[in-house]
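Trainee: Following this message is one structure expressed as structure tokens.
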Amino acid sequence: MEAVPARARVYVACVALLTLLCLLPLPRTHAPWWAVALLAAVYAACEHLVRRRFGGTFYPVLLAGAFLLPPPAAVLVPLPAALLSHGGQPPTPLRRVWRAAQPALAVWGASRVHWALGGRDAVVASDFPYVLVPAGAAVLVFCLVLAALDGGVLALAERVPARRAWRGLLSRSLAPIAAHGLAGLMMAVLWRSPYGPVAALLVLLPMCVSWWVFAQYHRERAAHQATIRALVQAVDIKDGYTRGHSERVGQASVMIARELGMDDERIEVLRFAGILHDVGKLGVPTRLLRKDGPLTPEERRVIELHPEYGHEMVRGISFLGEARAAILHHHERLDGSGYPYGLVGNQIPECARVVAVADAFDAMTSTRSYSRARPVPTALEELERCAGAQFDPRMVTALARALARHGWHPAVTADETPCATSPPAPVPSRPGAGR
């Protein structure tokens, strides 16, 4: 948190002061201090392992502390980990204070609610299913406090607009923290059972394994994203006129897919397909991609090879799935006059029909060397005119509905001054909507 604005420093100081106020009743609290020390040590070890190896935060031990300890004692559990660990960035005092105060306030709120609802007695008596009620309420409060504090620091330190700072924080964190809450509840019940703390700590073993699997998934996903970014950057460098086009086609493809009600996995595949649809341009001579004047028939045939080049380039990338078919067939037309294979109607894969509409829409709403950007309503009219012959009417209708709901902000990707000798590029006639 270097160069943190003064108002954010005041905010962190206020959060730290609230944490200290939560500790005031501590001298009058009857708590098993050996349990507090053990939970604090285990949490510090887990945090060190998780942050260094996997990234993220490990909450089961914190929530077990909320279920087992009085609120002031539960506040002590996260403090050693935050104050002693280095984390992934330079451990400035302000960052240490924030990392200590934020989880401390959250665990205090969770413990307070849990005890108020009789959660302690339910844990001691293993009163299922009632024990889930105070535990669920405690987890909800834990999430609410974390989200509220995170939104505040984003708004003040990063100068994010207030409405955007809190948007989605609770919904994104609720499910994973709820899973951590279940593990914490299992720890608490076993801790209070005849099996004791040792059995409770064994709960962490499957949690660590699942966390490792989850981290591996995210590392693999990050590698996928890096692969895609490298390919897109290579295309953008080679074809400067269409810089940014790939990302916008990916965005428009996602809008269409969501409007069609596709599941999240297919939506992600469509995003990959939109982003990589022009990757085959890496195999096309740069002079053709950057030519200002009309293309000769021979040059046109060369550019029309880019879907096949692209398909060959990504053939071995297994995570792309049906996106590879979209890369190969996004210039096919429903009437069979497209390329590379002249497929007709439903012979064209659905993903390719989505990307074809997204590609043409962005090409028309962006300024290129051979055409000026058209207004969104004009581009939609052109798509509707070509629906049934070139484009799938269902995809065109889905895009129109999505744009009516969310809007579109096309970017200029080339010089504003069009070449006088270049023809305006009607949708059906240019080889590669982005050329």
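One point on numbering: in numbering that gives the first Met the number 0, the residue at position 356 of the sequence shown is 355, and numbering is uninterrupted. Just so it is clear, CB atoms sit at the ideal spot from N, CA and C, and this is done for glycine as well.
Report the option in Leu259, Val122, Val41, Leu67 whose CA atom is closest to the CA atom of Ala30.
Mentor: Leu67
Trainee: Using 8 Å as the threshold, is the segment 209-221 in touch with the segment 254-268, meaning 3 or more CB pairs across them?
Mentor: Contact between the segment 209-221 and the segment 254-268 is not established, with fewer than three Cβ pairs separated by less than 8 Å.
Trainee: Are three or more beta carbon pairs between the segment 146-165 and the segment 21-36 nearer than 8 Å?
Mentor: no
Trainee: So, does the CB of Ala164 fall closer than 8 Å to a CB anywhere in chain B?
Mentor: No chain B is present in this structure, which holds just one protein chain.
Trainee: Quick one: measure Cβ to Cβ for Leu200 and Val41, integer angstroms, because I've assumed they're closer than 8 Å.
Mentor: 7 Å
Trainee: Count the CB pairs spanning the segment 279-297 and the segment 221-237 that are closer than 8 Å, and state whether there are at least three.
Mentor: Counting Cβ pairs under 8 Å, three or more are found: they touch.
Trainee: What would DSSP say about Phe57, mapped onto helix, strand or coil?
Mentor: coil
Trainee: Relative to the alpha-carbon of Thr285, which residue among Glu298, Leu275, Ile274 has its alpha-carbon at the smallest distance?
Mentor: Glu298
Trainee: Using DSSP's beta-bridge definition, name the partner residues of Ala355.
Mentor: Partner(s): none; Ala355 has no beta bridge.
Trainee: So, does the segment 131-146 touch the segment 201-208, judging by three or more C-beta pairs under 8 Å?
Mentor: no
Trainee: Hey, how far is the Cα of Pro196 from the Cα of Ala182?
Mentor: 14 Å
Trainee: If you measure between the beta carbons of Met268 and Cys350, is that distance less than 8 Å?
Mentor: Per the sequence presented here, residue 268 reads as Val, with Met not at that position. It is a contact, given that the beta carbons lie within the stated cut-off.
Trainee: Nearest to Glu321 by CA position, among His276, His405, Leu25, is which residue?
Mentor: His276
Trainee: If we ignore side chains and look at the alpha-carbon of each, how far apart do Leu104 and Pro128 end up?
Mentor: 27 Å
Trainee: Is Ser213 helix, strand or coil by DSSP?
Mentor: Position check: residue 213 holds Phe in this sequence, whereas Ser was assumed. Phe213 sits in a helix when the DSSP states are folded into three classes.
Trainee: Under 8 Å, do Met254 and Ala401 count as touching if we go by C-beta distance?
Mentor: The Cβ atoms of Met254 and Ala401 lie closer than 8 Å to each other.
Trainee: Here's a check: name, in chain order, each residue in its chain whose Cβ is nearer than 6 Å to the Cβ of Glu331, leaving out the five neighbours to either side.
Mentor: Only Gly337, Leu342, Ile347 meet the Cβ criterion.
Trainee: Considering only C-alpha positions, which residue in the set Pro77, Phe57, Arg352, Thr56 is nearest to Val35?
Mentor: Pro77
Trainee: Alpha carbon to alpha carbon, how far is Phe213 from Gly273? Give it in angstroms, no decimals.
Mentor: 27 Å
Trainee: Which same chain residues, not among the five before or five after Ala378, have their C-beta less than 7 Å away from its C-beta?
Mentor: Phe360, Met363, Thr364
Trainee: Short check: CB of Leu189 to CB of Ala178, under 8 Å?
Mentor: no
Trainee: Note down the Cα distance separating Leu184 from Thr56, rounded to an integer number of angstroms.
Mentor: 17 Å
Trainee: By how many angstroms is the C-alpha of Leu48 removed from the C-alpha of Gly87?
Mentor: Note that Gly87 has pLDDT 49, beneath the 50 cutoff, so the model's placement of it is unreliable and the number below is only indicative. Rounded to whole angstroms, Gly87 to Leu48 spans 12 Å at the Cα level.
Trainee: Is Ala134 closer than 8 Å to Gly180 when the C-beta atoms are compared?
Mentor: yes
Trainee: Rounded to whole angstroms, what's the CA-CA distance from Val12 to Pro24? Just pull it up for me.
Mentor: Sequence inspection shows Ala at residue 12; the Val mentioned does not correspond to that position. Their Cα atoms are separated by approximately 20 Å.
Trainee: Closer than 8 Å by C-beta to His305: which residues in its own chain qualify, once you throw out the five before and the five after it? Chain order, please.
Mentor: Asp277, Gly279, Lys280, Gly282, Val283, Gly431
Trainee: For Leu327 versus Gln389, is the C-beta spacing smaller than 8 Å?
Mentor: Taking 8 Å as the Cβ cut-off, Leu327 and Gln389 do not qualify as a contacting pair.
Trainee: Let me confirm a value: Leu16 is counted as buried when at least 16 other C-beta atoms fall within 10 Å, else exposed. Which label applies?
Mentor: exposed
Trainee: I need the boundaries of the alpha helix (DSSP H) containing Ala177, first residue and last residue.
Mentor: For Ala177, the enclosing alpha helix (DSSP H) begins and ends at 168-191.
Trainee: Would you please state the rounded distance, in angstroms, between the beta carbons of His405 and Asp358? I believe it to be under 8 Å.
Mentor: Not quite, the Cβ-Cβ distance comes to about 19 Å (not below 8 Å), so this is no contact.
Trainee: Excluding the 5 residues preceding and the 5 following Thr226 in the sequence, name in chain order all residues of the same chain whose CB lies nearer than 8 Å to its CB.
Mentor: Ile316
Trainee: If you draw a straight line from the C-alpha of Pro79 to the C-alpha of Pro92, how long is it?
Mentor: Each residue's Cα considered, the two are about 14 Å apart.
Trainee: With a threshold of 6 Å on Cβ separation, who are the neighbours of Pro70 within its own chain once the five nearest residues in sequence on each side are excluded?
Mentor: Trp107, Ser110, Arg111
Trainee: Using only CA atoms, which one of Val375, Asn345, Pro374, Asp291 lies nearest to Asp391?
Mentor: Asn345
Trainee: Under a three-way DSSP split, which group does Ala124 fall into?
Mentor: coil
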